[in-house]
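Below is one structure; the comments refer to it alone.
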Amino acid sequence: MTVGGHLAGEIVGRGPASASISLRNVEKVYGAVQALSPLSAELRPGEAVSIVGPSGCGKSTLMRLIAGLEPPTRGDIRVGGAPVDGPLANVGIVFQRDLLLDWRDVMGNVLLPAEIKGLAGLEPRARALLQEFDVASFAGAYPWQLSGGMRQRVAIARALLTRPAQLFLDEPFSALDALTRDQMNVLLQQVQTSEGVTTLLITHSISEAIFCADRVLVMSGRPGSIMDDIAVPFARPRRLALRETPEFTAIGRRIREHFEKAGVLVG
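The following block contains the structure:
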């Protein structure tokens, strides 16, 4: 796999200028249930931010609010300085389920966003992404013929096809085995660097949150609030051996201490 270095810079290329994301006193209530307490945060252009927290704390809800898929009950959300008042047009989203269409081959799935947006001439971009994600030889295969990790590589390629300014990932690797998940973590942090895209990763994994991001937002249990905003100081590209260093372990310990004090477990 060659994502990241010289080849990725030439073949995959960079997208448009990444956008900042600003949250001000954002709150979400569903009927009698408060999903999110008022919270504020900033994501700088091109930054990779992970959100980690216990099940049901509102991580996925927060991502949907930023993407414009749901409105906040109160508060202000801005992307690139513009208020979010509907679904974002320039965002790629990857979910826990890859949502590939079984009746379309891999190339057809990757090109789907171009068809929806009426964009032509993106076949070279699609082929380059499949090459970079090491699934080019499966361009004519169907999703049911792929492993879980390969399906998620295709899903990420599809999300990046139109060079979005933002990439949102909602627990994309939680259903994968440990080895494949490690491979996908390396892939994600390399892709984020080569694409220069503002990235938001929702995860239950403390290790994954640290490894893939420039910052980690630590959320409390419901109603979700931000307990800590931790800078991750490690240079890119990163190797998996980084997780064994004292510096990496110290960040993980800091996050776990928050959950211990709050009386919650990361599930």
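For the sequence shown, this note's numbering assigns the number 1453 to the initial residue and increments by one for each residue that follows.
A virtual CB, placed ideally from N, CA and C, is assigned to each residue, including glycine.
Ranked by how close their Cα comes to the Cα of Val1716, the residues Asp1666, His1656 and Arg1691 have His1656 in first place.
Ranked by Cα distance from Phe1663, the options Met1671, Glu1567, Gly1648 and Glu1696 are led by Glu1696.
Leu1582 places its beta carbon less than 8 angstroms from that of Ala1591. By the Cβ rule, the region 1617 to 1631 counts as touching the region 1513 to 1533, because three or more pairs are nearer than 8 angstroms.
Residue burial is scored here from C-beta neighbours: Asn1637 has at least 16 other C-beta atoms within 10 angstroms and is therefore classed as buried.
Spanning the alpha carbons of Leu1694 and Gly1570 requires a straight line of approximately 43 angstroms.
Ranked by Cα distance from Thr1525, the options Leu1653, Tyr1482 and Pro1616 are led by Tyr1482.
Membership of Ser1474 in the beta strand (DSSP E) is indicated by the continuous run Ile1473 to Tyr1482.
When only Cα atoms are considered, Ala1683 and Arg1496 end up about 13 angstroms apart.
Glu1709 has its alpha-carbon roughly 42 angstroms from the corresponding atom of Asn1561.
If you ignore the 5 residues before and after Leu1491, its C-beta comes within less than 6 angstroms of the C-beta of Val1478, Ser1677 and Ile1678, all in its own chain and listed in chain order. Each residue's CA atom was taken as its position, placing Thr1650 and Ser1502 some 11 angstroms apart.
According to DSSP, residue pairing for Pro1535 in a beta bridge involves Arg1530. In this structure, the alpha-carbon of Ser1507 lies about 26 angstroms from that of Met1602. When rounded, the separation of the alpha-carbon atoms in Glu1699 and Pro1595 is 40 angstroms.
Selection Leu1612, Leu1540 and Gln1597 evaluated against Glu1584 yields Leu1612 as nearest (Cα-Cα). Distance check between Leu1669 and each of Phe1711, Pro1576, Thr1645 and Arg1633 places Phe1711 closest, using alpha-carbon atoms only.
The residue among Pro1675, Ala1687 and Gly1673 with its C-alpha nearest the C-alpha of Arg1667 is Ala1687.
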